[in-house]
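Counting in this note's numbering, the sequence shown runs from 5 upward without gaps. We put the CB at the ideal spot given by N, CA and C, even for glycine.
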Amino acid sequence: MVSVARSRKLEKERAALEAAYFSALQEALRDCAGGKWGLFGQNDAVLPGQLRERLKPESAKRLEPIAEELGSVRERLGLPTFGPMARLEQLRREHDSNSPGEQRLAMGFLEELQDIG
5 MVSVARSRKL
15 EKERAALEAA
25 YFSALQEALR
35 DCAGGKWGLF
45 GQNDAVLPGQ
55 LRERLKPESA
65 KRLEPIAEEL
75 GSVRERLGLP
85 TFGPMARLEQ
95 LRREHDSNSP
105 GEQRLAMGFL
115 EELQDIG
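Now the structure itself:
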């Protein structure tokens with residue numbers, strides 16, 4: 005069981021991480037909408053890992069550690085996955101021949117975030 009003081013500290017940390025994630029996600033989506041693919045992983049199956057990492061925009065790379073830490077904090081608090089983080093994972097899993105490209109996915113997701121943010 006988490007003490008009240010620890011719970012408050014985790015809540016503050018959660019709020020700060022959610023704000024950081026939301027900001028970093030918007031930056032990564034703007035980069036992707038501008039033509040820097042790699043955020044949604046649509047070409048991961050055809051690129052070697054080393055090349056895939058080298059081509060991924062820095063904004064997308066910055067998002068990953070924030071997501072890991074936020075997921076850990078939310079798990080300790082017994083909360084479900086942060087909504088925008090869950091939505092990104094959902095979009096990353098949707099790969100078929102009729103899926104929109106990364107730029108269109110990013111533009112659509114940015115519009116979704118503007119509606120909630």
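Could you tell me which of the options sits nearest to residue i, measuring between CA atoms?
i: L59; options: G87, I70, F44; result: F44
i: R108; options: L33, K13, G82; result: L33
i: Q46; options: S103, S11, S63; result: S103
i: G91; options: G112, V77, G105; result: What sits at residue 91 in the sequence shown is Arg, not Gly. Ranking G112, V77, G105 by Cα distance to R91 puts G112 first.
i: L14; options: L83, E106, L114; result: L83
i: L29; options: E73, R18, K65; result: K65
Around the C-beta of residue i, are 16 or more other C-beta atoms found within 10 angstroms, so that it is buried, or is it exposed?
i: A9; result: exposed
i: A20; result: exposed
i: L81; result: exposed
i: E98; result: exposed
i: D100; result: exposed
i: S63; result: buried
i: D35; result: buried
Short of 6 Å in beta carbon distance, which residues of its chain neighbour residue i, apart from the five on each side in sequence? Order them along the chain.
i: G38; result: none
Output needed for residue i: all residues of its chain with C-beta closer than 7 Å, excluding positions within five of it in sequence on either side, in chain order.
i: A71; result: Y25, M89
Per DSSP, what kind of secondary structure is residue i in: helix, strand or coil?
i: L117; result: helix
i: F44; result: coil
i: G105; result: coil
i: D35; result: helix
i: E98; result: coil
i: A49; result: coil
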